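Enquirer: In the working numbering, the protein residues as written are 113 to 478. Every residue, glycine too, gets a C-beta built ideally from N, C-alpha and C. Keep in mind it's a predicted model, so treat the numbers as computed, not measured.
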Ligand code: ZN
C-alpha cells in the first residue's frame, strides 16, 4: 500500500463552461444544451470513491491558488488579463472553444494551484504519489489563449514549478488524454529538461498536431514523443504503446518526477472520441507508469485530471487508476466490463501495432 494524496476543491465543480452541444456553441440549428465539459463525470468519480471507501484511505490535500508569477511560467500577461476580465464581466470564450464563466479566473487559479500542490506534496515526500481532480482541464491551453475547454495549462505550469521552484532537472509529462496535448507540447518543444509524450487518437483535435514526426526542435529534439493511434484502439493497443515506446524513452530519459495528464476520454463510451479503453486498461496503464516511477524516481508520480466526458463510465476508469496508484483494492468491480470490455474486437490489431512500430522506428526504441 502507498500513501496516495487526493487533491480536489469544491470550486472545481462550480466552473461554468456555459451552454453548448458537446463542444459547439449553440446557434442556428444547434439547440442549446449543457457543455460536455460539465462537472458531472468528475463529481461522480469523487462520489464513487466515497461510496467504495477508497476516499477515506487517501491523504487529502487542500489546493491553494497559483500566483500570477506561476501562470507566467507559460502564459502571456495579455492572456491572463483577458481571462480575468471575462471572469469578472459575465464570461466568454478566452480563445478557441474555452469558455470562461462568471468567477472562472479564481477557479482556474485554484486548478493550477491544485496541480502545483500535488507536485509539491510528492516531491517533498509528504506522500508517495498524488491524484489531482482539477477542473477546468489544461493541456490544450497555449501561451496566449485558452483552447478546447482549457483556460490555463495545469500540467505545463506544474512541470515548470518542479523545475524552477523545486530544482528538479528532469521531469516527464505523459499525456494519455485522447486529444493531443498541444499546449503542453508547445511549452517543452525546445526544452530537453522535460520529456513530453502524448498518446492520442490520430488526426483528431487539434487539427495538424501530434504527428509522429513532431519530435521536438533544437536542444529539445527527441524529447517530444507523439503516438497517434488509429480510431478504435483499445486496451491492448495502449498497453503495447506504453511497453514498446513509453518504457524505453522513459528508461533513457530517467525522469525525477512523472506527471500524467490523465484524461480518460479514450474510454469506450466517451462522447468526444472513438477509442475503446476500459477501466482495466487504465488500471494496467497506471501500473506501467507506477513501475517506471519506482524504477527512476522513487515512485514520484502525479496524475492531473484532464478530459473524460462519459458521466457513467469515467468514474470507474478514474477509480481504477487511484486503486492502482494506492495499491488499495476495494470491492468495486466495473459493472460495464463483463458486457463491453470483453468484446473480441478489443485486441491489438495489425494496423495499430504497425503504427506503434513506426513510432519505435522514429525514436529508435525497437
Ligand atoms: Zn480530451
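1) Beta-carbon separation of residue 445 and residue 398 under 7 Å?
2) Just to check, is the beta-carbon of residue 226 closer than 6 Å to a non-hydrogen atom of the ligand ZN?
3) Whose C-beta lies closer than 8 Å to the C-beta of residue 259 among residues of the same chain, with five residues either side of it excluded?
4) How many whole angstroms separate the CB atoms of residue 426 and residue 157, which I take to be in contact at a CB cut-off of 8 Å?
5) Please classify residue 226 as buried or exposed, where buried requires at least 16 neighbouring CB atoms within 10 angstroms.
6) Confirm, please, whether the CB-CB distance from residue 345 to residue 380 is below 7 Å.
7) Can you tell me whether DSSP reads residue 414 as helix, strand or coil?
8) Does at least one heavy atom of the ligand ZN sit under 6 Å from the Cβ of residue 292?
9) Rounded to a whole number of angstroms, what is the C-alpha to C-alpha distance between residue 189 and residue 169?
10) If you draw a straight line from the alpha carbon of residue 217 to that of residue 372, how long is it in whole angstroms?
11) If you follow the alpha helix (DSSP H) that residue 336 is part of, which residue opens it and which one closes it?
12) Along the alpha helix (DSSP H) that carries residue 290, what are the first and last residues, could you check?
13) In terms of DSSP beta bridges, what is residue 134 paired with?
14) Using a Cβ-based criterion (distance less than 6 Å to any ligand heavy atom), does residue 375 qualify as near the ligand ZN?
15) Using 8 Å as the Cβ pair cut-off and three pairs as the minimum, do the segment 256-271 and the segment 191-202 touch?
16) Are the CB atoms of residue 127 and residue 228 nearer to each other than 7 Å?
17) Grab the span of the beta strand (DSSP E) containing residue 306 for me, first residue to last.
18) Work out the CA separation of residue 141 and residue 401 for me, nearest whole Å.
19) For the 8 Å Cβ check, are there 3 or more pairs between the segment 408-418 and the segment 359-375?
20) Is any heavy atom in the ligand ZN found nearer than 6 Å to the beta carbon of residue 289?
Expert: To lay it out plainly:
1) Taking C-beta atoms as the reference points, residue 445 and residue 398 fail to come closer than 7 Å.
2) Relative to the non-hydrogen atoms of the ligand ZN, the Cβ of residue 226 never comes closer than 6 Å to any of them.
3) Here the set comprises 207, 208, 209, 210, 252, 253, 294, 295 and 318.
4) 6 Å between Cβ atoms; contact.
5) It counts as buried.
6) Against a cut-off of 7 Å, the Cβ pair of residue 345 and residue 380 comes out as no contact.
7) Here DSSP, grouped into helix, strand and coil, assigns residue 414 to strand.
8) Checking the Cβ of residue 292 against the ligand ZN gives no.
9) Answer to the nearest angstrom: the Cα atoms are 40 Å apart.
10) Rounded to the nearest whole angstrom, the CA to CA distance from residue 217 to residue 372 is 24 Å.
11) No alpha helix (DSSP H) holds residue 336; the beta strand (DSSP E) holding it covers 336-341.
12) Element bounds for residue 290: n/a, residue is neither H nor E.
13) Answer is 147.
14) Residue 375: yes, Cβ under 6 Å from the ligand ZN.
15) Two segments are said to touch when three or more pairs of C-beta atoms, one from each, lie closer than 8 Å; by this definition the segment 256-271 touches the segment 191-202.
16) Taking a C-beta distance under 7 Å as the contact criterion, residue 127 and residue 228 do not qualify as a contact pair.
17) Per DSSP, the unbroken beta strand (DSSP E) holding residue 306 starts and ends at 306-313.
18) Their backbone Cα atoms lie some 44 Å apart in a straight line.
19) Yes, the segment 408-418 is in contact with the segment 359-375.
20) Indeed, a heavy atom of the ligand ZN lies less than 6 Å from the Cβ.
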